[in-house]
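Let me begin by presenting the structure, written as structure tokens, before commenting on it.
Residue numbers (our numbering), protein chains in the order written: chain F, 35 to 305; chain G, 35 to 305.
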């Protein structure tokens with residue numbers, strides 16, 4: 035029996051599904067194994083040490099599937115554990131922070147880049163470091179927007195309340211003379227239209243989810259690891275919390291990218 | 035004496051300077067060694083076998099500098115020689131076709147992608163192959179635009195004549211229901227504004243030069259090869275034709291990306 039080597043995607047919960055969805059769209063031949071640590075979500079308020087430990091546990095689980103690449107599809111986990119995991123495993127590891135940074139450097143004309151994310155991600159300074167590593171000539175302004183993730187998790191993508199909340203959350207960064215804004219949280223692509231309205235059409239929005247999928251494509255090509263078959267891959271989903279709830283969100287979020295109800299496995303022996 | 039490991043960029047002539055310029059902008063810490071085969075330009079009308087042979091000669095020359103990556107910044111040479119060179123050398127090799135293809139797959143919403151390039155590039159079907167390798171769900175329409183390179187080489191970036199020529203050249207592809215258009219020739223970014231006017235604002239233009247620079251950034255990060263110093267790198271330029279003419283074009287095209295007249299070396303022992 036032929037088992038297709040998969041792209042392993044891990045997240046603190048459901049946010050990383052935006053990355054999975056983009057991988058399905060950009061690389062429809064690739065099989066995905068998704069792991070959402072829904073029992074321990076959110077990672078944002080946890081210590082960096084604990085996030086690193088949780089991430090390592092999940093990687094230890096996923097590595098048994100012999101994945102072709104491991105994607106840390108969570109900004110908090112990327113900030114806390116990317117370099118540690120890269121040094122640990124013998125498989126390419128991709129986080130969500132650097133792809134967004136590289137895309138912003140490409141997109142900016144003025145060199146003034148904005149970043150929004152969770153308190154943990156913005157507090158870590160990881161985007162600023164990634165941007166400054168590439169170019170000393172960029173100015174970075176960043177802002178934590180803790181009010182946005184709850185909106186997405188409640189499914190409130192477009193409403194008057196959403197516009198008001200996004201407008202309040204972006205208050206400070208809205209007045210800054212930036213020409214592009216990195217959506218530094220995997221939940222935010224769901225609010226893209228509202229964020230664009232609030233920021234104005236002249237500010238280019240960078241989705242770290244889209245950019246990460248793009249870079250998975252680049253890395254797999256470089257490693258000669260792109261799937262070539264024409265069969266529809268069967269994706270696998272693992273979560274640590276309630277599998278029924280996870281299955282519902284997955285079905286709703288992935289929409290047209292999956293043809294039937296996703297198979298979800300619950301894993302409970304992690305910690 | 036510390037010699038910074040460089041990004042080696044090769045082209046049939048001056049077109050690849052658009053890639054070099056973007057690398058300087060996106061990765062200002064990186065040193066570039068540029069090779070323009072100006073005595074044998076253009077490669078377009080040559081046989082694939084000869085283009086492969088010329089590309090190999092240049093790679094044999096450049097590899098002596100111990101580059102961190104080799105960039106084939108010419109669509110014709112990428113189509114003819116990329117896989118051959120990738121198999122031959124022990125250094126990452128990046129062409130200009132796949133980065134554009136990956137960016138288009140990310141950008142498209144309808145799955146209908148247009149490509150324009152030289153007769154050689156379009157005739158090789160390399161973009162269609164690269165796009166179809168990633169996704170079977172895209173429709174690709176392509177058109178050779180032989181009239182555009184001469185416009186750029188004459189420096190006619192914006193004029194009534196330019197608009198008319200571009201409009202004529204894009205005639206067929208203009209009526210197609212595409213939502214993005216790959217500029218599959220390194221000369222075309224100079225005509226971006228005119229092409230955008232002719233195609234209309236709703237068609238997203240993909241510059242293979244910009245996207246290649248972005249992917250060099252991705253690959254160098256993955257290989258842990260990004261430069262970290264804060265000194266201004268001293269780029270080196272080699273050409274096989276008249277060095278004075280090459281120096282003038284380099285100065286004019288690179289503009290603000292270089293602070294002084296570039297050092298150009300003429301190489302005459304290649305064939």
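Ideal Cβ placement from N, Cα and C applies to all residues, glycine included. Since the structure is predicted, the reported quantities are computational estimates derived from the model, not experimental observations.
Cβ of residue i within 8 Å of any chain F Cβ
{"i": "residue 251 of chain G", "result": "yes"}
{"i": "residue 293 of chain G", "result": "no"}
{"i": "residue 198 of chain G", "result": "no"}
{"i": "residue 195 of chain G", "result": "no"}
{"i": "residue 255 of chain G", "result": "yes"}
{"i": "residue 136 of chain G", "result": "yes"}
{"i": "residue 67 of chain G", "result": "no"}
{"i": "residue 92 of chain G", "result": "no"}
{"i": "residue 216 of chain G", "result": "no"}
{"i": "residue 139 of chain G", "result": "yes"}
Proximity to residue i [Cα-Cα], best of the options
{"i": "residue 129 of chain G", "options": "G/244, G/265, G/178", "result": "G/244"}
{"i": "residue 293 of chain F", "options": "F/284, F/300, F/120, F/67", "result": "F/284"}
{"i": "residue 90 of chain G", "options": "G/140, G/115, G/138, G/222", "result": "G/115"}
{"i": "residue 216 of chain F", "options": "F/154, F/197, F/198, F/242", "result": "F/242"}
{"i": "residue 100 of chain F", "options": "F/42, F/83, F/61", "result": "F/42"}
{"i": "residue 133 of chain F", "options": "G/223, G/255, G/279, G/119", "result": "G/255"}
{"i": "residue 249 of chain F", "options": "G/214, G/169, G/137", "result": "G/137"}
{"i": "residue 272 of chain F", "options": "F/69, F/40, F/198, F/225", "result": "F/69"}
{"i": "residue 36 of chain G", "options": "G/47, G/111, G/65", "result": "G/65"}
{"i": "residue 300 of chain G", "options": "G/95, G/173, G/84", "result": "G/95"}
{"i": "residue 131 of chain G", "options": "G/92, G/163, G/203", "result": "G/163"}
{"i": "residue 58 of chain G", "options": "F/102, F/140, F/219, F/78", "result": "F/140"}
{"i": "residue 8 of chain F", "options": "F/175, F/62, F/196", "result": "Look at the range of chain F in this structure, 35 to 305, and you will see that residue 8 of chain F is not part of it."}
{"i": "residue 123 of chain F", "options": "F/225, F/214, F/113, F/104", "result": "F/104"}
{"i": "residue 98 of chain G", "options": "G/40, G/289, G/61", "result": "G/40"}
{"i": "residue 168 of chain F", "options": "G/167, G/61, G/291", "result": "G/61"}
{"i": "residue 291 of chain G", "options": "F/210, F/171, F/236", "result": "F/171"}
{"i": "residue 152 of chain G", "options": "G/142, G/176, G/166, G/230", "result": "G/176"}
{"i": "residue 119 of chain F", "options": "F/92, F/247, F/155", "result": "F/92"}
{"i": "residue 246 of chain F", "options": "F/280, F/106, F/187", "result": "F/106"}
{"i": "residue 201 of chain F", "options": "F/173, F/207, F/232", "result": "F/232"}
{"i": "residue 173 of chain F", "options": "F/288, F/142, F/223, F/154", "result": "F/142"}
{"i": "residue 83 of chain G", "options": "G/111, G/102, G/63", "result": "G/111"}
{"i": "residue 218 of chain F", "options": "F/165, F/38, F/80, F/298", "result": "F/165"}
{"i": "residue 204 of chain G", "options": "G/226, G/287, G/253", "result": "G/226"}
{"i": "residue 275 of chain G", "options": "G/302, G/117, G/289", "result": "G/302"}
Contact with chain G by residue i, beta-carbon distance below 8 Å
{"i": "residue 60 of chain F", "result": "yes"}
{"i": "residue 223 of chain F", "result": "no"}
{"i": "residue 126 of chain F", "result": "yes"}
{"i": "residue 226 of chain F", "result": "no"}
Residue i: CB within 7 Å of a non-hydrogen atom of the ligand GTP
{"i": "residue 217 of chain F", "result": "For the structure depicted, the ligand GTP is absent and the ligand set is empty, with no information on it obtainable."}
At 3 residues or longer, and completely inside the stretch 102-150 of chain F: list those beta strand (DSSP E) runs for me, N to C.
-> 103-106, 127-129
Counting pairs of Cβ atoms below 8 Å between the stretch 184-199 of chain G and the stretch 247-266 of chain G, do you hit three or more?
-> no
Taking a Cβ distance cut-off of 8 Å, strictly less, list which residues of the stretch 145-170 of chain F are near chain G, in chain order.
-> 167, 168, 169, 170
Do the stretch 177-184 of chain F and the stretch 66-80 of chain G touch if we need at least three Cβ pairs shorter than 8 Å?
-> no
Report the residues of the stretch 257-281 of chain F with a CB closer than 8 Å to any CB of chain G, ordered along the chain.
-> 260, 262, 264
Using a beta-carbon distance cut-off of less than 9 Å, what residues from the stretch 233-250 of chain F approach chain G?
-> 244, 245, 247, 248, 249
For the stretch 43-57 of chain F and the stretch 149-169 of chain G, state whether three or more C-beta atom pairs, one from each stretch, are separated by less than 8 Å.
-> no
For the 8 Å Cβ check, are there 3 or more pairs between the stretch 138-153 of chain F and the stretch 261-276 of chain G?
-> no
Length-filtered (4 minimum) alpha helix (DSSP H) runs lying within the stretch 157-233 of chain F | 160-168, 182-187, 194-203, 205-208, 226-233
Beta strand (DSSP E) runs contained entirely in the stretch 276-300 of chain G, provided each spans 3 or more residues = Qualifying beta strand (DSSP E) stretches, in chain order: 298-300.
Where in the stretch 245-280 of chain G do unbroken runs of the beta strand (DSSP E), each at least 3 residues long, occur, reported from the N-terminal end onward?
-> 270-273
For the stretch 47-71 of chain G, list the alpha helix (DSSP H) runs that are entirely contained and at least 4 residues long, ordered along the chain.
-> 51-60
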